[in-house]
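Per mature numbering (1 follows the signal peptide of the UniProt record, and there is no 0), the sequence shown runs over residues -20 to -1, 1 to 137.
The beta carbon of each residue, even a glycine, is placed where N, CA and C say it ideally should be.
Please read these numbers as outputs of a predicted model, since none were measured by experiment.
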Amino acid sequence: MKLIQVAVIVLVGFGTPAVAETFDVSGTGQGTAANTPMSVRDDLVVVHATTQYSGFEGGNPDNPMESFKGDCFGSILVNAGTVSGGGNCHYTDQDGEMAVIGWTADGMSSEGRTQGTWEIVGGSGKWESATGGGRFDAGSDDQGVYTNNVTGEVTLP
């Protein structure tokens, strides 16, 4: 009888799936951008884009991206008013775990801010099986202060 009880406890323990949790990760990333526009002609410009993020602030205290720091890089093409391009970000969180985020540019605001989508590619630790994504609106103000306004959700296993 005891063998059956132990077997049931073991099977129940192994059979319990981990509960995934979804987080609102909307907020604002701060950093320093070093973008280099390379004009080919008036309506054709390619931009070598690099940003070093120093922090991220959001309205959700449980936001797992709030401690992200790291670099983003890629290129943006503006061709006859159409925006395209993309790149990747390599972030480290407060636990020392890393995440790779892919981004795709698909527009530009009237203020010249780059807009587009982002998604989790993978990472280490909790980010290895994370999923999610959303939209971004990134650029510098008149004083050169760089911000990236992010909306979206992330699900961690």
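- Beta-bridge analysis with DSSP links serine 64 to Leu57.
- Annotation: asparagine 43 to tyrosine 33 spans about 16 angstroms, alpha carbon to alpha carbon.
- The Cβ atoms of aspartate 86 and phenylalanine 48 do not sit closer than 8 angstroms to each other.
- Taking glutamine 10 as reference, the option from Leu136, Val125 and Glu133 with the minimal CA-CA separation is Val125.
- Glycine 92 carries a coil assignment under DSSP once its states are collapsed to helix, strand and coil.
- Judged by DSSP secondary structure, serine 34 falls within the beta strand (DSSP E) whose first and last residues are 24 to 38.
- Taking C-beta separations shorter than 6 angstroms and ignoring five residues to either side along the sequence, the partners of tryptophan 107 in its chain run Glu77 and Ala79, following chain order.
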